[in-house]
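Below: the structure, in structure tokens.
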Amino acid sequence: MSYSYRTNASKVIAFRELFSTLYGLGLYVVLTAVFLISSYTVHGSVFQLEQNGLLALPSPLTSPFFLTVGLVAIYLGLCSAISISRERDQGTLEVLFYGPVDSFSYILGKYGQQMLTFFVVLVFSVINFWLVSLVTNFGFSGNFFSLMVLSIFLASCMVSFGIFLSTLTKRTNISLILFIALMILLVIFPFARQSVLSIPGKSLTTVMIYIRIVLDNLNILMQWISPVAYFERGLVAVGLHDTVQYIISIAASTIYTAVILGISMKVFENKGVKR
Numbered sequence: 006m007s008y009s010y011r012t013n014a015s016k017v018i019a020f021r022e023l024f025s026t027l028y029g030l031g032l033y034v035v036l037t038a039v040f041l042i043s044s045y046t047v048h049g050s051v052f053q054l055e056q057n058g059l060l061a062l063p064s065p066l067t068s069p070f071f072l073t074v075g076l077v078a079i080y081l082g083l084c085s086a087i088s089i090s091r092e093r094d095q096g097t098l099e100v101l102f103y104g105p106v107d108s109f110s111y112i113l114g115k116y117g118q119q120m121l122t123f124f125v126v127l128v129f130s131v132i133n134f135w136l137v138s139l140v141t142n143f144g145f146s147g148n149f150f151s152l153m154v155l156s157i158f159l160a161s162c163m164v165s166f167g168i169f170l171s172t173l174t175k176r177t178n179i180s181l182i183l184f185i186a187l188m189i190l191l192v193i194f195p196f197a198r199q200s201v202l203s204i205p206g207k208s209l210t211t212v213m214i215y216i217r218i219v220l221d222n223l224n225i226l227m228q229w230i231s232p233v234a235y236f237e238r239g240l241v242a243v244g245l246h247d248t249v250q251y252i253i254s255i256a257a258s259t260i261y262t263a264v265i266l267g268i269s270m271k272v273f274e275n276k277g278v279k280r
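Numbering of the sequence shown is given in this note's numbering, commencing with residue 6 and proceeding in unit increments.
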């Protein structure tokens, strides 16, 4: 199949899925819930201001914004994780591949659909927080645009990670459980490792020393496979105003996405489209 046919098939799949998402109710329910949660965070800052009269808030809208886009990125990752396995489970995937579709165009179309959805959400989020800034007189931080760009690559890593998990399984419920379990692990692991590292050396038993060594090695692995880790490195670069590291973090996120999608295509080819 030629490259032009592949890209055209990817576009058809992406926009078909996008319109299905936009005409559905699920995205708007999630978006409303996320906006309510972020509004509660903004309300906390307003309450502090009312109590103190004058309060120095360096970036009162940045944290709520990232809470919004972060939760949406996880939601899209979850949707990606069940998208392929659901179509395989329902038998519609086999029918789709009777047409001019291969693993490249299909995986790329799924990725494109989720990223287009994220761009729609990003536009709504910016409008929402612009209105919040008008009501509260809270200003945006100087690095808000850099952080907004960084959120796109967070979504990219999360979506590609979800697609990869979806290619591994043939059942929707297994994909769902796998994604949630890994997300919980990625969130809990840094805190667990930090708790072990905080134990004084004199109090460490032999078992705890081995546990610390294992956690240190796992942390190295996590830095490579976790989509959140790439985003965190970008956040550090923004906080330090380090342009070079910021560009490196974006490039690393791009490479991560390309590699994960490439592996997903190979896994998808090997597993096939049948239930």
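Glycine included, C-beta positions come from ideal geometry on N, C-alpha and C.
Backbone CA spacing between residue i and residue j [nearest angstrom]
i, j, result
"methionine 213", "leucine 170", "32 Å"
"leucine 136", "valine 125", "17 Å"
"glycine 267", "phenylalanine 143", "43 Å"
"valine 264", "isoleucine 185", "22 Å"
"isoleucine 87", "proline 195", "26 Å"
"isoleucine 225", "glutamate 237", "14 Å"
"valine 243", "serine 85", "28 Å"
"leucine 159", "isoleucine 255", "9 Å"
"glycine 49", "tyrosine 80", "25 Å"
"threonine 259", "serine 203", "34 Å"
"serine 130", "proline 205", "44 Å"
"isoleucine 182", "serine 43", "26 Å"
"isoleucine 179", "leucine 139", "45 Å"
"tyrosine 45", "leucine 76", "15 Å"
"serine 161", "leucine 155", "10 Å"
"lysine 16", "aspartate 107", "13 Å"
"proline 65", "lysine 276", "48 Å"
"arginine 11", "valine 164", "20 Å"
"valine 249", "valine 241", "12 Å"
"phenylalanine 20", "phenylalanine 71", "26 Å"
"lysine 207", "alanine 197", "19 Å"
"asparagine 222", "leucine 187", "17 Å"
"aspartate 247", "phenylalanine 149", "15 Å"
When the options are compared against residue i, the one with the closest alpha-carbon
i, options, result
"glutamine 119", "Val106, Ile189, Glu22, Ile218", "Glu22"
"tyrosine 261", "Ile230, Ser88, Ser85", "Ile230"
"valine 128", "Gly239, Leu30, Leu36", "Leu36"
"phenylalanine 273", "Ser203, Tyr111, Phe123", "Tyr111"
"tyrosine 235", "Asn222, Tyr251, Asp247", "Tyr251"
"phenylalanine 166", "Ile132, Ile18, Lys115", "Lys115"
"leucine 121", "Val34, Ser25, Val249", "Ser25"
"valine 47", "Gly31, Thr67, Leu30", "Thr67"
"isoleucine 189", "Ser108, Leu83, Lys16", "Leu83"
"serine 90", "Val241, Lys207, Ile168", "Ile168"
"phenylalanine 134", "Leu41, Leu32, Ala19, Asp107", "Leu41"
"glutamate 92", "Thr172, Pro69, Leu220, Tyr33", "Thr172"
"methionine 227", "Val34, Ser146, Tyr215, Leu191", "Leu191"
"leucine 32", "Ser9, Asn148, Ala78", "Ala78"
"leucine 113", "Ile218, Arg217, Ala14, Ser200", "Ala14"
Unbroken alpha helix (DSSP H) run spanning residue i, endpoints
i, result
"valine 106", "Per DSSP, valine 106 belongs to no alpha helix (DSSP H) and is neither H nor E."
"serine 165", "149 to 173"
"asparagine 224", "211 to 230"
"asparagine 142", "That residue, asparagine 142, is in no alpha helix (DSSP H); it is neither H nor E in DSSP."
"glycine 96", "Careful: glycine 96 lies outside any alpha helix (DSSP H) and carries neither H nor E."
"arginine 176", "No alpha helix (DSSP H) holds arginine 176; DSSP gives it neither H nor E."
"isoleucine 260", "248 to 276"
Status (buried if at least 16 other CB within 10 Å, exposed otherwise) for residue i
i, result
"lysine 271", "exposed"
"threonine 177", "buried"
"threonine 174", "buried"
"glycine 239", "buried"
"leucine 245", "exposed"
"valine 74", "buried"
"valine 39", "buried"
"serine 269", "buried"
"proline 232", "buried"
"threonine 97", "exposed"
"threonine 210", "exposed"
"phenylalanine 123", "buried"
"isoleucine 18", "buried"
"proline 105", "exposed"
"leucine 30", "exposed"
"glycine 117", "buried"
"phenylalanine 109", "buried"
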